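For reference, the structure discussed in these notes is given below.
Number of protein chains: 2
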Amino acid sequence: MYKVTVIGSGNWGSVAAKLIACNTVRLDSFHDEVRMWVFEEKLPSGEKLTDVINKTNENVKYLPGIKLGKNVVADPDLENAVKGANMLVFVTPHQFVEGICKRLAGKIRADAEGISLIKGMEVKKEGPSLISNLITKQLGINCSVLMGANIANEIAMEKFSEATVGYNQNKSAADRWVQLFCTPYFNVTAVQDVEGVELCGTLKNAVAIAAGFVDGLEMGNNTKAAIMRIGLKEMMTFSKMCFPSVKDSTFFESCGVADLITTCMGGRNRKVADAYARNGGKRSFDELEAEMLQGQKLQGVLTAKEVHEVLSSRGWLHIFPLFSAVHAISTGRLPPSAIVKISEENLRHVQLVSSL
Amino acid sequence: MYKVTVIGSGNWGSVAAKLIACNTVRLDSFHDEVRMWVFEEKLPSGEKLTDVINKTNENVKYLPGIKLGKNVVADPDLENAVKGANMLVFVTPHQFVEGICKRLAGKIRADAEGISLIKGMEVKKEGPSLISNLITKQLGINCSVLMGANIANEIAMEKFSEATVGYNQNKSAADRWVQLFCTPYFNVTAVQDVEGVELCGTLKNAVAIAAGFVDGLEMGNNTKAAIMRIGLKEMMTFSKMCFPSVKDSTFFESCGVADLITTCMGGRNRKVADAYARNGGKRSFDELEAEMLQGQKLQGVLTAKEVHEVLSSRGWLHIFPLFSAVHAISTGRLPPSAIVKISEENLRHVQLVSSL
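Going line by line, the protein sequences match chains A and B. Start counting the first sequence at 1; every next residue gets the next number (our numbering). Start counting the second sequence at 1001; every next residue gets the next number (our numbering).
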């Protein structure tokens, strides 16, 4: 019998709990109860968030109007929430993972399996810091990832969508994650490529900045499709150069091309970059983020900066004209129109390297 | 010295002539003059179309406002237009190719190379009838193709875009085509996969019908991205099952993912399918085509029908849930909402087969 705990209860975490809860009830191999660790908050009414979730089966703060399932139990105590669980779903903001793992070390089952739904790893000079890898290292457990074109509110409304599980070696664990998440409106596929799947979830944000520039410059559908395609190719090439085990086919999965499409069509990265280009780069990203995102920082701008550091320290800049341009434009060193001034020679280089 | 003739002078043909003309002037290995065969028409002013093109350097009927280059010479006489040419660019409506080839047989240079820019082949029961193949058979010349995310008017305005040349064996001919079409705003890449590249240009239209249904049902970005991704996978699987030499990597090129994105975002297939779904399938495609396209038929509906015949005669229906659904919906046998009722087992089948 498998026992699941969801660590995190934001918008996406709550939707994940809903998906999981409907399957644990339906399938015999899982305990019905799904525990969800909730960072306790006091609501304006004076009630505690966990109490309200457990009373109403609704996360009234982060996913109002959606029933999570009666078998979801909110728990404000992290250690208690994971007690007895052998399937741990990580779905917190990425900056909290390390602290959570430290608190959990030595307190989880030795046979537990983890899965990370967290997008937005840090790309350090020495290479991308996979969150799945952090979890494995800190907790000594195997960790898969689940990524895809997953706007949480659309899945909450049971609109058809897909996701990809990336796993390392343990195929039977991956199949179990697929079982746990799959519903008739949420189709999940497993691929043996945890690095490729996880990198997609981060790198796509830098491409969405480029797509936003094209929108802001009103360059039309051809140009936007071209920029998205070049971005997808650079995501693939960068991932393969960092982790030679990464597979091309991963980029045809939901985590690859589909998530890229969703992110380049909607989403905050695209939107703020659009505004940046419309203003001719005269208002900085800092200023626009303060105005449009209440001061939250854009993942794509950050990722482009981090990727740029890797590229320049390794002498790879010429192989990644799009990533390089996104960074140069977002820091004001080039005008937004530079996004389409990617030279032929550079593109041919991308072509050459990614076909190796 | 290479001498180029463009056979066709519609919207896309005129843009192709413009791209080519700027390169033949610039590059020493090509004759400056580009001959363009024009199906002669009398304009409302009483003048002949060829005369006006040759006087103004503008195709006032099909690409008004754009200078083609002084070295483009319109010629109403097909045989005369190809005289001495050893690079033939085919860019007519697909239903005219066979007739044109019949008229040209025996009248072209033996060392000529062809390239087809024509999208929308017929998919017969015995398999797809490649237009490149038709040209090769009828004229005894090698024939490449050029496909991509190419909305003609956007390229005419010199907005950045990309295309893919698909070739058979002759790499040096392919490189010459790339030279002939490439400009700083039009980036062309060659891949050795004529079948894959040409099939993309046709099959994408059936996927655009599916994307239009999703738009009409207002299902959101997740669902649309998922449907586009499944469509891309089915395009790939179908192409490989028809022509085992087709390469996965072709679908990462402009002809694949980029053209699919453009076609699913704009374009008439998407638009009419959107209207069909908004009307709950109660107004037929015939009716909507009459109203929205002045009676022209939608390529995507036609292709879905032809593909369906291949699938059912070969027992492949279960491997292509999206193509099958598009046909069933567009013929009124299923409601538009069936586009997302693609069963998990079917999707797993696509996965399995396309990973072979």
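The beta-carbon is built from N, C-alpha and C at its ideal position, and this holds for glycine as well. In this text, all values refer to a predicted model and were calculated from it rather than measured experimentally.
CB contact check: residue i to chain A, cutoff 9 Å
i	result
residue 1029 of chain B	no
residue 1213 of chain B	no
residue 1018 of chain B	no
residue 1205 of chain B	no
residue 950 of chain B	In the structure as shown, chain B starts at 1001 and stops at 1356, and residue 950 of chain B therefore has no counterpart that could be examined.
residue 1171 of chain B	no
residue 1159 of chain B	yes
residue 1262 of chain B	yes
residue 1252 of chain B	yes
residue 1023 of chain B	no
residue 1342 of chain B	yes
residue 1150 of chain B	yes
residue 1111 of chain B	no
residue 1289 of chain B	no
residue 1226 of chain B	yes
residue 1187 of chain B	yes
residue 1209 of chain B	no
Candidates the options: closest to residue i by CA position
i	options	result
residue 200 of chain A	A/173, A/143, A/224, A/258	A/258
residue 1074 of chain B	B/1156, B/1017, B/1157	B/1017
residue 104 of chain A	A/121, A/122, A/136, A/125	A/136
residue 188 of chain A	A/320, A/243, A/124, A/177	A/177
residue 266 of chain A	B/1245, B/1222, B/1301	B/1222
residue 92 of chain A	A/83, A/84, A/78	A/78
residue 116 of chain A	A/124, A/110, A/87	A/87
residue 1029 of chain B	B/1173, B/1304, B/1240, B/1339	B/1173
residue 50 of chain A	A/315, A/14, A/121, A/162	A/14
residue 1158 of chain B	B/1328, B/1127, B/1185	B/1185
residue 1278 of chain B	B/1108, B/1309, B/1335, B/1239	B/1335
residue 1144 of chain B	B/1022, B/1132, B/1009	B/1132
residue 1339 of chain B	B/1293, B/1312, B/1210	B/1210
residue 298 of chain A	A/183, A/202, A/134	A/202
residue 1249 of chain B	B/1289, B/1329, B/1141, B/1166	B/1166
residue 1181 of chain B	B/1150, B/1331, B/1038	B/1150
residue 68 of chain A	A/292, A/24, A/217, A/108	A/24
Interface flag, residue i vs chain B, CB-CB below 9 Å
i	result
residue 229 of chain A	yes
residue 11 of chain A	no
residue 232 of chain A	yes
residue 272 of chain A	no
residue 223 of chain A	yes
residue 216 of chain A	no
residue 236 of chain A	yes
residue 280 of chain A	no
residue 295 of chain A	no
residue 266 of chain A	yes
residue 175 of chain A	no
residue 259 of chain A	yes
residue 325 of chain A	no
residue 167 of chain A	no
residue 155 of chain A	yes
Per-residue burial, residue i [other beta carbons within 10 Å of its own, 16 or more giving buried]
i	result
residue 234 of chain A	buried
residue 1148 of chain B	buried
residue 1274 of chain B	buried
residue 321 of chain A	buried
residue 220 of chain A	buried
residue 44 of chain A	exposed
residue 286 of chain A	exposed
residue 1193 of chain B	buried
residue 1111 of chain B	exposed
residue 1102 of chain B	exposed
In DSSP terms, what residue i is bridged to
i	result
residue 1265 of chain B	BP columns for residue 1265 of chain B are empty, so no partner.
residue 1007 of chain B	B/1037, B/1090
residue 1186 of chain B	B/1161, B/1183
residue 30 of chain A	A/2
Any non-hydrogen atom of the ligand NAP within 8 Å of residue i CB
i	result
residue 6 of chain A	With respect to the ligand NAP, the structure shown offers nothing to examine, as it has no ligands at all.
Alpha helix (DSSP H) runs contained entirely in the stretch 1113-1182 of chain B, provided each spans 4 or more residues
The stretch 1113-1182 of chain B contains these whole alpha helix (DSSP H) runs: 1131-1139, 1152-1156, 1171-1181.
Write down every uninterrupted run of the beta strand (DSSP E) in the stretch 1190-1224 of chain B whose length is 3 residues or greater and which is fully enclosed by it, in chain order.
If one requires a minimum length of 3 residues, no beta strand (DSSP E) run lies completely within the stretch 1190-1224 of chain B.
Please give me, in chain order, every unbroken run of the beta strand (DSSP E) with length at least 3 that falls completely inside the stretch 41-91 of chain A.
Counting whole runs of 3 or more residues, the stretch 41-91 of chain A contains the beta strand (DSSP E) stretches 72-75, 87-90.
Considering only residues of the stretch 290-341 of chain A, which uninterrupted alpha helix (DSSP H) runs meet the minimum length of 4 residues and lie entirely inside it, listed in chain order?
For secondary structure counted as the alpha helix (DSSP H) over 4 or more consecutive residues, the stretch 290-341 of chain A holds these complete runs in sequence order: 299-314, 321-330.
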